[in-house]
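Engineer: Residue 75 is where the sequence shown starts when you use this note's numbering, and the numbers rise one by one after that.
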Amino acid sequence: MEHPETCLIFREVQDLHNNIFLISVLYPALLLWYVEVYSLVFGKPAGVQNIPDIYLFALWFVFGVFFPLLFYYTKHITEVRKDGIYIRLIPLNPSFKKIPIYVVEDCRIQAYDPFTGKDYKDNPLSKRASFVVTLKLITGKRVMISSKNPKELHQAIMSAVASF
């Protein structure tokens, strides 16, 4: 039996460290760290006098510890193998999600704006648009795969489809 790692055509690991997400995670974390340290040293700050200590501790743990660690360790892995396309979001997915190669009807690179949800066929009209690989499956569904190297991902998928 052949191991899945030996038939690997393409692999990409993306860190999801984006400035918008960084601010949205670190601002509440720093605020709650300040409240907890202030509470331990000087007593409760003026704005949180009526909140029980256990609730402050729970908020600190969730927003000050858990979410920043989750954000730091989150990675998106895309692999193209001879038998399919494997996608995993670490640590949220315990295993890879497989798109079998035989269900891929069409594969192309398109410009896509994640803020508006619009995809552009020919040219990106928005400066926020980025290129994604769009798969059309035989069921009629569309799957968009983000990549730092969409041309390499497209070539790998087309190579896997051709060898199938």
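Backbone N, C-alpha and C define an ideal beta-carbon position, used for all residues, glycine too.
Please give me, in chain order, every unbroken run of the alpha helix (DSSP H) with length at least 4 that falls completely inside the segment 96-149.
Structural biologist: Counting only runs of 4 or more, we get 127-133, 141-147.
Engineer: Starting from residue 225 and walking both ways along the alpha helix (DSSP H), at which residues does that stretch end?
Structural biologist: 224-237 is the extent of the alpha helix (DSSP H) around residue 225.
Engineer: Could you pull out every residue in the same chain whose Cβ sits closer than 8 Å to the Cβ of residue 228, ignoring the five residues on either side in sequence?
Structural biologist: Excluding sequence neighbours, residue 228 sits near 181, 182, 183, 207.
Engineer: So is residue 165 in contact with chain C if we call contact Cβ pairs under 7 Å?
Structural biologist: In the structure shown, chain C cannot be found, because there is only a single protein chain.
Engineer: List the endpoints of the continuous beta strand (DSSP E) containing residue 165.
Structural biologist: It is not in any beta strand (DSSP E) - residue 165 carries neither H nor E in the DSSP assignment.
Engineer: On the premise that residue 235 lies in contact with residue 173, defined as a C-beta separation below 8 Å, what is that separation, rounded to the nearest angstrom?
Structural biologist: That belief does not hold up - the Cβ atoms of residue 173 and residue 235 are roughly 11 Å apart, past 8 Å.
Engineer: Are the CB atoms of residue 163 and residue 150 nearer to each other than 7 Å?
Structural biologist: Yes, Cβ-Cβ distance for residue 163 and residue 150 is below 7 Å.
Engineer: Can you tell me whether residue 186 is buried or exposed? The criterion is at least 16 other CB atoms within 10 Å of its CB, across all chains shown.
Structural biologist: Result: buried.
Engineer: Let me check one thing: in DSSP terms, what residues is residue 171 bridge-paired to?
Structural biologist: Residue 171 is bridged to 161.
Engineer: Report all residues from its chain with a CB closer than 8 Å to the CB of residue 147; omit the five preceding and five following residues, and keep chain order.
Structural biologist: So the list reads 164, 165, once near-sequence residues are dropped.
Engineer: Would you identify the three-state DSSP class for residue 94, choosing helix, strand or coil?
Structural biologist: In the structure shown, residue 94 sits in a helix (DSSP, three-state: H, G or I).
Engineer: Can you tell me the Cα-Cα spacing of residue 98 and residue 219, whole angstroms?
Structural biologist: So the alpha carbons of these two residues sit roughly 24 Å apart.
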